[in-house]
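Residue numbers (the numbering used here), protein chains in the order written: chain B, 1 to 241; chain H, 1 to 241.
Cβ atoms here follow ideal geometry from the backbone N, Cα and C, with glycine treated the same way.
There are 2 protein chains.
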Amino acid sequence: MAADAAPAFVLLDRLPAAGEELRVEGDEAHYLSRVVRARAGERVTATNGAGTIATLEVLESRPEVRVLGVSSRIVERPSPRTLWCGAPEGDRADWLVEKLAELGVAHLVLVDFERSAWERASSRLERWRRLTAAGLRQSQSAFRMTISAPVGLPGLLTALPPAFAGAMALPGATLAIGDAPRPAGGVTGVVGPSPGFSAGEVKLLQEAGFIPVSLGPSRLRTETAAMAMAVCWQVGAPQES
Amino acid sequence: MAADAAPAFVLLDRLPAAGEELRVEGDEAHYLSRVVRARAGERVTATNGAGTIATLEVLESRPEVRVLGVSSRIVERPSPRTLWCGAPEGDRADWLVEKLAELGVAHLVLVDFERSAWERASSRLERWRRLTAAGLRQSQSAFRMTISAPVGLPGLLTALPPAFAGAMALPGATLAIGDAPRPAGGVTGVVGPSPGFSAGEVKLLQEAGFIPVSLGPSRLRTETAAMAMAVCWQVGAPQES
């Protein structure tokens, strides 16, 4: 639960090989030197966000941050959790992204629905992708959440495999999400935008294999429903190893 | 999922009796006239946040909002979910409060822990209590979440009944929260502050009957862990009726 109590964990696009020196820059350099105040000689953990975890030794933390590769290992990728998500209200997307990354969602797919499309996504996408780094540092996962640019529902549906089974968050659904099928190949869920799915979209999703599931008795906002689905996937999920 | 698609639902400290006229003021008047744009003759649902749901007829929506009591009913109080929560980082408490209210937590108890206390709570408490109204409107519950002013852990523990059983969110715990006991009288959970529990606090909590539970493999921020616990309580919970 404790960000501050956490050992330093950084995201580096390229990890140094054992014995290799690397200069760390940007956000991660700031995080190491200013946030966790790593000192020369200390060891920190790093990931490339693509399945490799490395142990690094800090050679220098000011004025520039230099690290030495000590060891690294490959982490087995857990079966992916993919969330198709409509646009929440206002500026709620920022923490939606942070929380989904923190909760181990592998792929966030932004979906434009009839009643609401993602606004200014092109300009906000880079910001959201940066936020996934914070979620990854917090969760200390070896896998960084991906975010795909908004697409319309029909295009997504045509790309689904024939025997697809997913979960659709629908108020009043009788099946609890915990009882929904969890395909070994990974789970996929869809959450509507703040105005909700249209009747036609619900029909399309069901025909495509999305089963209506309940996230509890309350009507939830889009970002809350998305997070609740991620929590339900996360609870009891195996530890990365 | 859909705030915009929701029927109007307002929180009134005092509900009109059947046939009684009432003038609505403040946030709720704004919500009725500006947000959901209720028109004269329309019916809206209201609650006092204390277990009564009323049907009201809008008599006038501008310039002032006047409603007529049509009918009302008492809702059975669900067994309460109580969350003891340490302080999250920065300004994350605002949405923590909104989300817990939205997810049906009955009582939020702010706890000052050794490593972190709630700052400026006295000045922020009123704001947080206002935020519970938004959560209640969204979840359309008849019960408004209470928030108690920050207290130290020892005082809270002495007030617990002898046979108390609760859940403590602890990274690395082996028991999944779904498998934790759910006393008929209501569930109680505790989440540490952003720097985490001290070792002494973990011992005190366990001695008091809090069982360590896991919220999944990721290390979660305080506000995320609190929300995850609320989601786990909420999923599969019975509908208010």
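Determine the extent of the alpha helix (DSSP H) in which B:Trp118 is found, giving its start and end residues. From DSSP, B:Trp118 is part of no alpha helix (DSSP H); its letter is neither H nor E.
Under 7 angstroms between beta-carbons, which chain B residues line up against H:Met227? List them in chain order, please. Within 7 angstroms Cβ-Cβ: Met227.
Could you tell me if the beta carbon of B:Leu103 falls within a distance shorter than 8 angstroms of some heavy atom in the ligand SAH? Absent from the structure shown: the ligand SAH. Ligands present: none.
Length of the line joining the Cα atoms of B:Met1 and H:Thr222: Low local confidence applies: a pLDDT of 37 at B:Met1 is under 50, so the model's placement there is unreliable, and no value is given.
Mark H:Asp112 as exposed unless 16 or more other C-beta atoms lie within 10 angstroms of its C-beta, in which case mark it buried. Of the other Cβ atoms in all chains shown, 16 or more fall within 10 Å of the Cβ of H:Asp112; this residue is therefore buried.
H:Ser122, buried or exposed, once every other Cβ within 10 Å from all chains shown has been counted against 16: Classification of H:Ser122: exposed, given that the 10 Å Cβ count is below 16.
Are any of the Cβ atoms in chain B nearer than 9 angstroms to that of H:Ala17? At a cut-off of 9 angstroms between beta carbons, H:Ala17 makes no contact with chain B.
Under a three-way DSSP split, which group does H:Gly104 fall into? Note: H:Gly104 maps to coil in three-state DSSP.
Is the region 97-115 of chain H close to the region 59-75 of chain H, with three or more CB pairs under 8 angstroms? Cβ pair count under 8 angstroms is below three, so no.
For B:Arg14, the nearest candidate out of B:Phe197, B:Gly41 and B:Ile53 (CA to CA): Closest in C-alpha terms to B:Arg14, from the list B:Phe197, B:Gly41 and B:Ile53, comes B:Ile53.
DSSP puts H:Thr174 in a beta bridge; with which residues? None, per the DSSP bridge assignment.
Once DSSP output is grouped into helix, strand and coil, what is the label at H:Pro150? DSSP places H:Pro150 in strand when its eight states are reduced to three.
Is DSSP giving H:Glu28 helix, strand or coil here? Here H:Glu28 carries a helix assignment [DSSP, helix/strand/coil].
Presumed contact (8 angstroms Cβ cut-off) between B:Leu32 and B:Ala8, rounded CB distance: Under the criterion of beta carbons closer than 8 angstroms, B:Leu32 and B:Ala8 qualify as touching, at roughly 6 angstroms.
To the nearest angstrom, report how far apart B:Cys293 and H:Leu59 are at their CA atoms. Nothing can be reported for residue 293 of chain B: it is not among the residues displayed for chain B, which extend from 1 to 241.
Is B:Cys85 near B:Ala226, with beta carbons less than 9 angstroms apart? The Cβ atoms of B:Cys85 and B:Ala226 sit closer than 9 angstroms to each other.
Return yes when the Cβ of H:Arg144 is within less than 9 angstroms of the Cβ of H:Leu136, no when it is not. Cβ atoms of H:Leu136 and H:Arg144: closer than 9 angstroms.
Could you give the residue range of the beta strand (DSSP E) that holds B:Leu56? Residues Thr52 to Glu60.
Where do the ends of the alpha helix (DSSP H) carrying H:Leu204 lie? According to the DSSP assignment, H:Leu204 belongs to the alpha helix (DSSP H) that extends over Ala199 to Ala208.
Whole angstroms is fine: what's the gap from B:Thr130's alpha carbon to B:Ala106's? Before going on, a small fix: residue 130 of chain B reads as Arg here, not Thr. Computed Cα separation, rounded: 15 angstroms.
Between H:Gly166 and H:Val151, how many whole angstroms is the CB-CB distance? I'm expecting something under 8 angstroms. H:Gly166 to H:Val151, Cβ: 16 angstroms. No contact.
Closer than 9 angstroms, CB to CB, is H:Leu220 near chain B or not? With 9 angstroms as the cut-off, H:Leu220 counts as an interface residue toward chain B.
State the start and end residues of the unbroken beta strand (DSSP E) segment that holds H:Met168. For H:Met168, the enclosing beta strand (DSSP E) begins and ends at Gly166 to Ala169.
Listed from N- to C-terminal order along the chain, which residues in the region 88-101 of chain H have their beta-carbon within a distance smaller than 8 angstroms of any beta-carbon of chain B? Residues passing the 8 angstroms Cβ filter: Glu89, Trp95 and Lys99.
For B:Glu141, the residue or residues it bridges with in DSSP: Before going further, note that residue 141 of chain B is Ser rather than Glu in the sequence given. Within the DSSP bridge table, the entry for B:Ser141 names no partner.
First and last residue of the beta strand (DSSP E) that includes B:Ala46? Counting along the chain, the unbroken beta strand (DSSP E) around B:Ala46 starts and ends at Arg43 to Thr47.
Under the three-state DSSP convention, the category H:Leu12 falls into: Assignment of H:Leu12 by DSSP, reduced to helix, strand and coil, places it in the coil class.
Looking only at its own chain, which residues have a Cβ that is under 8 angstroms from the Cβ of H:Ala149, when we skip the five neighbours before and after it? Within the same chain, H:Ala149 has close Cβ partners Leu110, Ala121, Ser122 and Leu125.
Reducing DSSP to helix, strand and coil, say where B:Gly196 ends up. Judged by DSSP in its simplified three-state form, B:Gly196 adopts coil rather than helix or strand.
Considering only DSSP beta bridges, list what H:Val67 is partnered with. In the DSSP output, where bridge partners are listed per residue, H:Val67 has H:Leu22 and H:Val58.
Report yes if the CB atom of H:Phe164 is closer than 9 angstroms to the CB atom of H:Ala208, and no otherwise. At the C-beta level, H:Phe164 and H:Ala208 come within 9 angstroms of one another.
So B:Thr132 contacts chain H; which residues on that side make the cut at Cβ distance below 9 angstroms? Contact annotation for B:Thr132 against chain H: no contact, minimum CB-CB distance about 13 angstroms [criterion: below 9 angstroms].
Where B:Val24 and B:Pro63 are concerned, what is the direct C-alpha to C-alpha distance, given to the nearest angstrom? Each residue's Cα considered, the two are about 11 angstroms apart.
Give me the Cα-Cα distance between H:Trp128 and H:Leu83, rounded to the nearest whole angstrom. In this structure, the CA atom of H:Trp128 is about 15 angstroms from the CA atom of H:Leu83.
In its own chain, which residues sit with a C-beta less than 6 angstroms from the C-beta of B:Arg81, not counting the 5 before and 5 after it? Closer than 6 angstroms at Cβ, skipping near neighbours: Val105, Ala106, Val187 and Trp233.
Residue range of the unbroken alpha helix (DSSP H) whose run includes H:Val231: Boundaries of the alpha helix (DSSP H) around H:Val231: Thr222 to Gln234.
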